[in-house]
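Here my numbering is used: the sequence shown runs in plain steps of one and ends on residue 472. Virtual Cβ for every residue (Gly too), placed ideally from N, Cα, C. The structure appears below as structure tokens.
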Amino acid sequence: MRYAIVDNATLTAVQRLLGDIPIYNKHAIDGDILAFETLIQSILFFDEVYYVNDYKAEYKDQRSCYFGYLGQLDIDDKSYEALLKETTKFSDDVIPQIQGGVFTDSNFNPFFELLKMHNIFTWDMSSSVYYLTQKMLTNSRTDIDIEKYSKLNQMIFSEINDNFAKRSNKKFIILDSKGTPITQEYTVQDKEGSSQEAYIGKQTELLMANLSWLAYRTIFYTLVAKETGGTLILHPIRNAFQINFLSRLFPQSNEQYRILISALNASVEESVRSIFAITQPLITKYPLPMFSIILTNKAGSPKEAINAAFHMKNEGDFIEARRCLSEIEQLFAKDRAQKATMEANKLKQHVEKLMERINAKYYVKTSQGLSLSPVITAYNLGATFLPGVLPTFPNYSAKIKSLDRVKDLIPQKGFNAVYKSLINDLTQISRLGEYHEMLTSQVVYHENASFYTSKSEDAQYMHAKSSWKIPM
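Written as structure tokens, this is what we have:
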């Protein structure tokens with residue numbers, strides 16, 4: 001039996017796409033489609049899909065009702081507090097830092113690099129006052145898709161949700177190019193050399209708060225996956241942070257993350273064909289059709305597509321695929337890495353043939369070509385972690401017997417996680433044409449909804465002063 005743990009960011013995105021939560025920034029839509037596809041794939045390729053319902057008490061029942069087709073991973077209060085304590089222990093050191101207009105900390109600088117997002121912060125004038133403002137660094141000589149990075153940016157700004165019972169800290173550090181902290185008394189020199197008031201803009205403060213929350217929840221779910229043995233499925237925007245966070249925490253295992261990053265950045269058609277080393281996790285990549293399109297087209301609406309997914313998962317190829325994938329997981333749970341890797345390699349070849357058959361049967365062709373949404377899975381991730389660094393909680397007690405059994409099988413092993421090729425998938429989604437309209441047919445828009453595109457700064461002018469802009 002395969003068990004997946006889907007994070008709440010994915011579920012919230014699904015609610016937006018299905019019209020339960022109004023959308024304000026239309027750049028959120030493509031990310032929500034990707035989250036919906038992620039949930040559909042989870043239903044198809046896992047026997048059970050669970051989520052942690054740690055909303056505030058007044059919102060818990062509403063979420064339980066809305067996602068009644070998923071299992072709830074209810075954690076007792078004592079164990080939940082232990083999880084939060086350990087999460088805080090790791091996240092307290094994850095502090096966004098900007099110096100001289102760019103991210104310089106070891107957590108978010110690589111995070112944005114993996115997303116290929118080049119941030120620049122400048123002092124921009126508004127109502128005769130300068131405010132520190134986030135922009136996307138562009139180059140007039142290259143083809144930089146500002147629309148795509150507006151979508152990525154909006155995923156980050158969608159992180160904070162006031163319905164959660166526990167919030168992360170809002171610490172951040174902002175320094176000028178000389179290393180001087182930006183305080184309430186900070187001033188800047190304008191183009192004429194006059195001293196002017198300068199403040200951290202609300203948009204920049206909100207960005208930093210969202211990054212802190214993204215880090216906090218990613219770490220929280222990583223610990224949950226480690227403790228329960230379930231396969232972790234994060235919202236795609238969180239993948240980049242988790243990979244970098246784990247690679248920093250365990251630098252002796254950097255090679256396994258390099259391979260994972262290569263799989264994320266490779267073309268959608270490319271599979272990971274071999275197991276690279278017995279000391280690293282098994283990483284697989286299967287190009288799959290966008291089942292959300294197939295099922296929505298068949299069922300008539302995105303909401304009905306979910307019911308259709310539960311019917312499709314009972315077809316022979318999906319049953320066989322889940323059986324083989326489950327067997328791979330059990331190999332790493334029971335056997336030593338070398339034996340597990342050898343046996344998993346044999347099973348992996350069989351799974352590849354199954355996935356190719358599924359792809360051939362259900363492929364989606366658009367005016368731009370085939371639409372694929374690869375699923376990348378890392379098995380036994382973190383098996384080389386130092387003992388005790390990802391701790392086992394002595395009082396941990398999940399109230400789901402089936403997950404308890406999985407937890408008992410692999411108390412000392414690594415965990416499994418599913419990743420998405422975020423940049424490639426966004427490109428695919430932007431080319432869906434009529435299918436895009438079909439997938440967004442139930443979206444409800446805020447009365448002031450629009451495409452709020454990220455501000456941009458041409459690289460050749462990043463150090464130039466003007467009457468309305470001052471570089472950091």
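**Study point:** Exposure label - A344; buried when at least 16 CB within 10 Å
**Key:** For the purposes of this step, residue 344 is taken as the residue at position 344 of the sequence shown. When all chains shown are included, A344 counts as buried.
Check your understanding: Taking the alpha-carbon positions, what's the E457 to F46 distance?
Key -> Taking the first residue of the sequence shown as 1, we reach residue 457 at position 457. Taking the first residue of the sequence shown as 1, we reach residue 46 at position 46. Answer to the nearest angstrom: the Cα atoms are 44 Å apart.
Review point. Would you report the Cα separation of D7 and E304, rounded to the nearest angstrom?
Key: By 1-based counting over the sequence shown, the position of residue 7 is 7. By 1-based counting over the sequence shown, the position of residue 304 is 304. Rounded to the nearest angstrom, the gap between the Cα atoms of D7 and E304 is 22 Å.
Review point. For T12 versus I23, is the C-beta spacing smaller than 9 Å?
Key: Numbered from 1 along the sequence shown, position 12 holds the residue referred to as residue 12. Numbered from 1 along the sequence shown, position 23 holds the residue referred to as residue 23. In this structure, I23 does not lie closer than 9 Å to T12 by Cβ.
Point to revise | Sequence-distant residues of the same chain with beta carbon closer than 6 Å to Y362, five excluded per side | key: Position 362 of the sequence shown, counted from the first residue, corresponds to residue 362. Excluding residues within five positions, the ones whose Cβ falls inside 6 Å are P289, I294.
Check your understanding: Can you tell me whether H27 is buried or exposed, with buried defined as 16 or more other CB within 10 angstroms of its CB?
Key -> Here residue 27 corresponds to residue number 27 of the sequence shown, with the count starting at 1. The residue in question, H27, is buried, as its Cβ has 16 or more Cβ neighbours within 10 Å.
Review point. Is A449 near N153, with beta carbons less than 9 Å apart?
Key: The count along the sequence shown starts at 1 and reaches residue 449 at position 449. The count along the sequence shown starts at 1 and reaches residue 153 at position 153. Against a cut-off of 9 Å, the Cβ pair of N153 and A449 comes out as no contact.
Review point. Do the CB positions of M472 and D190 come within less than 9 Å of each other?
Key: Position 472 of the sequence shown, counted from the start, is the residue given in the question as residue 472. Position 190 of the sequence shown, counted from the start, is the residue given in the question as residue 190. No, Cβ-Cβ distance for M472 and D190 is not below 9 Å.
Review point. What are the uninterrupted segments assigned as beta strand (DSSP E) that are 3 or more residues long and contained completely in the region 279 to 313, given in chain order?
Key: Whole beta strand (DSSP E) segments, 3+ residues: 282 to 286.
**Study point:** Alpha-carbon to alpha-carbon, D76 and I33
**Key:** Here residue 33 is taken as the residue at index 33 of the sequence shown, counted from 1. Here residue 76 is taken as the residue at index 76 of the sequence shown, counted from 1. In this structure, the alpha-carbon of I33 lies about 33 Å from that of D76.
Check your understanding: Of the residues F111, Y199, D105, which one's Cα is nearest the Cα of V129?
Key -> The sequence position of residue 129 within the sequence shown is 129, counting from 1. It is Y199 whose Cα lies nearest to the Cα of V129.
Practice item. Just the C-alpha distance for L264 and E352, rounded to the nearest angstrom, thanks. Key: Position 264 of the sequence shown holds residue 264. Position 352 of the sequence shown holds residue 352. Those two C-alpha atoms are separated by around 18 Å.
Review point. Hey, Q99 and L207 are a contact pair by Cβ (cut 8 Å); roughly how many whole angstroms apart?
Key: Locating residue 99 in the sequence shown gives position 99, counting from the first residue. Locating residue 207 in the sequence shown gives position 207, counting from the first residue. Not a contact, Cβ separation roughly 15 Å.
Check your understanding: Does DSSP put S128 in a helix, a strand or coil?
Key -> Here residue 128 refers to the residue found at position 128 of the sequence shown. The answer is coil: DSSP assigns S128 none of H, G, I, E or B.
Review point. CB-CB under 6 Å to W468, same chain, minus the five flanking residues each way: which ones, in chain order?
Key: The sequence position of residue 468 within the sequence shown is 468, counting from 1. Result list for W468: M125, in chain order.
Practice item. Mind checking which residues open and close the beta strand (DSSP E) that includes E457? Key: Counted from its first residue, the sequence shown places residue 457 at position 457. Where E457 is concerned, the enclosing beta strand (DSSP E) stretches over 456 to 458.
**Study point:** Straight-line Cα distance separating E192 from Y221
**Key:** To locate residue 221, count along the sequence shown from 1; it is residue 221. To locate residue 192, count along the sequence shown from 1; it is residue 192. Their Cα atoms are separated by approximately 51 Å.
Check your understanding: Just the Cα atoms here: how many angstroms apart are R273 and I237?
Key -> Reading the sequence shown from its first residue, position 273 is the one you call residue 273. Reading the sequence shown from its first residue, position 237 is the one you call residue 237. In this prediction, R273 has a pLDDT of 45, which is less than 50 and means its spatial position is unreliable; what the coordinates show is noted afterwards. If you take the alpha carbons of R273 and I237, they lie about 25 Å apart.
Check your understanding: Should N119 be counted as a contact of the ligand PLP given a C-beta to heavy atom distance under 8 Å?
Key -> Ligands displayed in this structure: none; no statement on the ligand PLP is therefore possible.
Point to revise | Residues near F451 by beta carbon distance below 7 Å, same chain, minus five either side | key: For the purposes of this step, residue 451 is taken as residue 451 along the sequence shown, with counting starting at 1. Around F451: K26, H27.
Review point. Looking only at DSSP bridge pairs, what is E320 linked to?
Key: Against the sequence shown, residue 320 aligns to sequence position 320. Per DSSP, E320 has no beta-bridge partner at all.
**Study point:** Beta-bridge partners of N25, as assigned by DSSP
**Key:** Counting from one through the sequence shown, the residue named residue 25 turns up at place 25. N25 is bridged to S450.
**Study point:** Reference N359; option with closest CA among L347, L325, Q349, D317
**Key:** For the purposes of this step, residue 359 is identified with residue 359 of the sequence shown, where counting begins at 1. Comparing Cα positions, the closest option is D317.
Check your understanding: Does the region 34 to 43 come within contact of the region 80 to 94, defined as at least 3 CB pairs closer than 8 Å?
Key -> no
Review point. So what does A13 bridge to, in DSSP terms?
Key: Stepping through the sequence shown from its first residue, residue 13 is reached at position 13. Paired residue(s): none; A13 is not in a bridge.
Point to revise | Coarse secondary structure for G71, derived from DSSP in three states | key: One-based indexing of the sequence shown puts residue 71 at position 71. Of the three classes helix, strand and coil, the one that applies to G71 here is strand, per DSSP.
**Study point:** Pick from R323, N239, Y445 that is closest to I423, judged by C-alpha positions
**Key:** As a first step, residue 423 must be located in the sequence shown, where it is residue number 423. Residue N239 is the option with its Cα nearest to I423.
Review point. On the three-state DSSP scale, how would you describe P387?
Key: The residue labelled residue 387 in the question sits at position 387 within the sequence shown. In this predicted model, P387 has a pLDDT of only 42, less than 50, meaning its place in the structure is not dependable; the value taken from the coordinates is given anyway. Here P387 sits in coil by DSSP.
Practice item. Please report the residue range of the alpha helix (DSSP H) in which A464 lies. Key: Here residue 464 refers to the residue found at position 464 when the sequence shown is read from its first residue. Run containing A464: none; DSSP gives neither H nor E here.
Check your understanding: Thinking just about the alpha-carbon of each residue, which of R357, S106, Q428 is nearest to the one in K148?
Key -> The sequence position of residue 148 within the sequence shown is 148, counting from 1. For the residues R357, S106, Q428, the minimum Cα distance to K148 belongs to Q428.
Review point. If you count every other CB in all the chains shown that lies within 10 Å of the CB of T187, and 16 or more means buried, which is it?
Key: For the purposes of this step, residue 187 is taken as residue 187 along the sequence shown, with counting starting at 1. It counts as exposed.
Check your understanding: A378 and G230: beta carbons closer than 9 Å?
Key -> Mapped onto the sequence shown, residue 378 falls at position 378. Mapped onto the sequence shown, residue 230 falls at position 230. Against a cut-off of 9 Å, the Cβ pair of G230 and A378 comes out as no contact.
**Study point:** Per-residue burial, D228 [other beta carbons within 10 Å of its own, 16 or more giving buried]
**Key:** Translated into the one-based positions of the sequence shown, residue 228 becomes position 228. Inspection of the sequence shows that residue 228 is occupied by Thr rather than by Asp. Burial call: buried.
Check your understanding: Assuming A9 contacts H235 under a Cβ cut-off of 8 Å, what Cβ separation, rounded to an integer in Å, is found between them?
Key -> Here residue 9 is taken as the residue at index 9 of the sequence shown, counted from 1. Here residue 235 is taken as the residue at index 235 of the sequence shown, counted from 1. Their Cβ separation, rounded to whole angstroms, is 4 Å, which keeps A9 and H235 in contact under 8 Å.
Exercise for review: Just grab the DSSP bridge partners of W123 for me.
Suggested key: Residue 123 sits at position 123 when you count from the first residue of the sequence shown. Answer is L132, I470, bridged to W123.
Point to revise | Inter-residue Cα distance where the pair is E447 and M1 | key: Reading the sequence shown from its first residue, position 447 is the one you call residue 447. Reading the sequence shown from its first residue, position 1 is the one you call residue 1. Cα to Cα, E447 sits roughly 45 Å from M1.
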